[in-house]
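Worksheet: one structure, shown below.
Numbering (the working numbering), first residue to last: 715 to 937.
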């Protein structure tokens with residue numbers, strides 16, 4: 715991100731949330747959890763222009779909504795599908811942005827094949843255990859795969875955007891494995907740390923590739 719103070723504030727808020735979750739299970743954590751993502755939305759609004767500004771802000775706002783929904787603990791409220799739906803919309807917006815600037819190359823094609831093989835293995839591992847959630851989890855897997863493949867072919871410099879997308883996939887894979895397959899040690903810490911890192915990498919890569927609020931599209935300087 716261009717503004718170093720915003721990055722420092724982001725990681726301060728993220729670290730504060732991670733520390734708080736280790737010390738307490740207070741319901742007030744639901745207010746702290748989305749703050750780093752809302753800060754990224756502010757950074758995108760401040761530094762981007764045109765449809766990239768609109769798309770990035772919307773994707774981050776839907777992500778923040780998903781954070782809140784997944785953190786809610788209300789008796790009688792099944793929060794997983796609403797939270798997953800918010801993140802599905804975020805992934806579709808990211809995918810639309812990334813595919814709008816697609817650029818093919820042998821390296822990108824090779825990376826895409828490697829991702830598809832990995833995604834197929836994850837689907838084989840996770841989907842049989844999802845029970846009644848098979849449909850929403852399958853749809854989300856398709857959405858995040860569209861995002862990751864879009865990042866692979868997006869004409870922004872490698873590896874920043876792609877790394878962010880892959881870390882996002884890793885974070886959500888941890889959620890699915892922990893929920894449906896087998897408990898993961900320190901799952902909450904690993905999931906949130908990788909999630910915050912992924913969103914920061916994606917936002918930072920897009921902002922650095924576009925001149926500040928000029929109305930131009932991100933520069934196509936990727937390989």
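We put the CB at the ideal spot given by N, CA and C, even for glycine.
- Under DSSP, residue 816 forms a beta bridge with 868.
- Segment contact: the region 824 to 838 against the region 801 to 810, fewer than three CB-CB distances shorter than 8 angstroms; contact not assigned.
- One Cα belongs to residue 775, the other to residue 839, and the distance between them is close to 30 angstroms.
- CA-CA distance, residue 825 to residue 879, rounds to 12 angstroms.
- In terms of CA proximity to residue 788, 744 leads the group 912, 744 and 729.
- Every alpha helix (DSSP H) stretch that sits fully inside the region 743 to 798 and reaches 4 residues is listed by chain position as 743 to 746, 749 to 761 and 764 to 785.
- Here residue 780 is actually not in contact with residue 810; their C-beta atoms are around 17 angstroms apart, not less than 8 angstroms.
- If you compare the alpha carbons of 742, 734 and 748 with that of residue 913, the shortest gap goes to 748.
- Beyond the five residues adjoining it in sequence on each side, residue 741 comes within less than 7 angstroms, by CB distance, of 787 in the same chain, given in chain order.
- Between residue 863 and residue 823, the alpha-carbon positions lie close to 10 angstroms from each other.
- In terms of Cβ geometry, residue 875 and residue 860 do not form a close pair [threshold 7 angstroms].
- In terms of Cβ geometry, residue 843 and residue 898 do not form a close pair [threshold 7 angstroms].
- Cβ neighbours of residue 813 within its own chain (closer than 6 angstroms, five residues either side excluded): 864.
- For residue 899, the three-state secondary structure derived from DSSP is coil.
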